[in-house]
Amino acid sequence: MAGVTINVILLAVLSVAAADTCTHPITWSCSAPPHLTLKFSKVTVTECNENNSKDLFKTLLSISYTGNNIDQSKTYTAVMVDPDAPNHANGEAWLHWIRSGLTGKDLVDGTMLTGQDIMEYAPPTPPNRTGTHRYFVFLFEETKPVTATKDLGRRKFDLAAFAKNNQLCGPLASNMFKTQY
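Positions in the sequence shown are counted from 1; adding 389 to them yields the working numbering.
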């Protein structure tokens with residue numbers, strides 16, 4: 390029985406170690422192409438740094454990605470954040486959306502048939518007189534199912550801590566668009 394316990398502990402340690410080696414620092418810049426494609430009801434964002442009216446982002450329909458680092462048999466988590474929200478420290482952002490359990494196949498096909506929203510989509514609503522805000526969507530590979538916590542809130546969201554706590558690998562890809570009040 391002791392051998393089984395040691396094996397379980399060893400697997401847990403190896404899983405955490407594997408996640409640590411595949412996690413990269415969160416940078417508030419776009420990944421190298423290809424970028425994630427973000428399809429909203431009134432606009433599709435394919436290039437990083439596009440600037441559009443906030444009214445175009447009311448409904449997020451799907452995201453897609455065709456990079457070589459997508460394994461269609463694995464699952465992924467997408468996270469959308471605004472690092473320019475007022476009253477946030479460095480590394481914190483306003484959380485707009487988290488969807489976990491997306492299959493690689495859905496990402497390649499541009500559908501969101503799989504997965505679940507850990508945090509439902511909230512469209513951009515930058516406050517008046519706060520300038521232009523950047524909205525990033527990051528894609529991570531899952532090493533285990535992502536768990537929702539009761540204390541997960543939109544304000545002062547720490548993406549790096551969330552990725553580490555859920556043993557997410559990446560970010561593998563991203564995209565960013567801008568809008569203002």
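We put the beta carbon where it would ideally sit given N, CA and C, even for glycine.
Beta-bridge analysis with DSSP links isoleucine 452 to Leu427. Between the beta-carbon of phenylalanine 566 and that of threonine 466 there is about 20 Å, and that puts the pair past the 8 Å contact cut.
Apart from the 5 residues on each side of it in sequence, glutamine 569 sits with its Cβ closer than 6 Å to the Cβ of Pro515 and Thr521 in its chain, given in chain order. In the DSSP assignment, glycine 493 falls within the alpha helix (DSSP H) that extends over 493-498. Per the C-alpha coordinates, the member of Asn457, Phe525, Asn564 and Met508 positioned closest to lysine 539 is Met508. Contact between the stretch 420-427 and the stretch 444-452 is present: three or more C-beta pairs spanning the two stretches fall below 8 Å. Per the C-alpha coordinates, the member of Gly480, Phe525 and Val535 positioned closest to glutamine 505 is Val535.
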